[in-house]
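Here the sequence shown is numbered in our numbering, starting from 399 and rising by one per residue. Cβ coordinates follow ideal geometry from the N, Cα and C atoms, glycine included.
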Amino acid sequence: PVRDTARSVTLREISLPGLPAPAGRLESSLGKALSRLLELQSEQGYWVFDLEADATIPSEYVMLQRFLGRDMRPELKDKIARYLRNRQLSDGGWPLYTEGPADISCTVKAYFALKLLGDAPDAPHMARARQKVLEMGGAEKVNVFTRITLAVFGQVPWRTAPCMPIEITMLPDWFFFHLRKVSYWSRTVVVPLLILYARRPVAHIEPE
């Protein structure tokens, strides 16, 4: 239905058959959420939102371009740097979702990407990020993906990354673990990581 912003919506109006209608605070909260969604609906009946992700995606794009040796356009570098700075929390970290807490892996990637983009390590926002990383346990607390990323750029030794033998790709169908037994999106992550781990490349980064 086309939006109607003149009134709020309750779940009882759209309750599903066979399911009890929630009551109390739950109904009130979900009713507010439904009302807000209807306010954002276009007059033609559809919704349009920005396709967004957390700060790891633009950070990984910056790192990918650096790994491939590609020069990014100055205006694009400026836009990505501004985006990352604007997403930084007041405590210095970066969250995985809007208004979420700082995440150690996301924060490390955003911090490293900003350094690659040219932000000075002693800039206030960079100092806050570095302090937040240390408060959360340091780079050794990052997840597998971030640890491999740091190894690719020579920030940690490859031996610190979890072992991912390329022979996994050759396991027979009858084996208890096989790549066809995992979801397609997992394969698109696992297979490139297996190749990286087998080759263990290191992109040269100047000390400055």
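Proximity winner among the options, relative to residue i (alpha-carbon distances)
i	options	result
A596	P563, K430 and L424	P563
N484	P456, R471, M470 and D469	P456
L482	S488, P499, D501 and A508	A508
G536	Q553, A521 and E450	Q553
D501	L512, L514, E458 and T454	T454
A601	L435, Q439 and M461	M461
P499	P522, L512 and D452	D452
E606	A559, Y495, D520 and T496	D520
K477	E437, E497 and Y459	Y459
E604	P590, E425 and K513	K513
N541	L424, T505 and E565	T505
Exposure of residue i, with buried meaning 16 or more beta-carbon neighbours within 10 Å
i	result
R578	exposed
S503	buried
R464	buried
L548	buried
G443	exposed
Q529	exposed
F515	According to the sequence shown, residue 515 is Leu rather than Phe. It counts as buried.
G491	buried
T544	buried
F510	buried
W527	According to the sequence provided, residue 527 is Ala. The question's Trp does not apply to it. The residue in question, A527, is buried, as its Cβ has 16 or more Cβ neighbours within 10 Å.
V531	buried
Length of the line joining the Cα atoms of residue i and residue j
i	j	result
I546	R471	27 Å
T567	P599	19 Å
A518	R480	14 Å
S433	F447	17 Å
S488	E533	14 Å
F573	V580	13 Å
F551	R585	23 Å
H576	P560	19 Å
S570	L436	It should be pointed out that residue 570 corresponds to Pro in this sequence rather than to Ser. P570 and L436: Cα-Cα distance of roughly 51 Å.
T558	L594	14 Å
E450	Q486	15 Å
P555	P493	26 Å
G467	K475	15 Å
E565	L592	9 Å
P590	Y582	13 Å
Y495	W445	20 Å
A525	D469	26 Å
Terminal residues of the alpha helix (DSSP H) in which residue i lies
i	result
Y481	P472 to R485
H523	P522 to E533
I564	No alpha helix (DSSP H) contains I564, which DSSP labels as neither H nor E.
Y582	Y582 to R597
I502	I502 to L514
F465	T454 to F465
G429	R423 to E437
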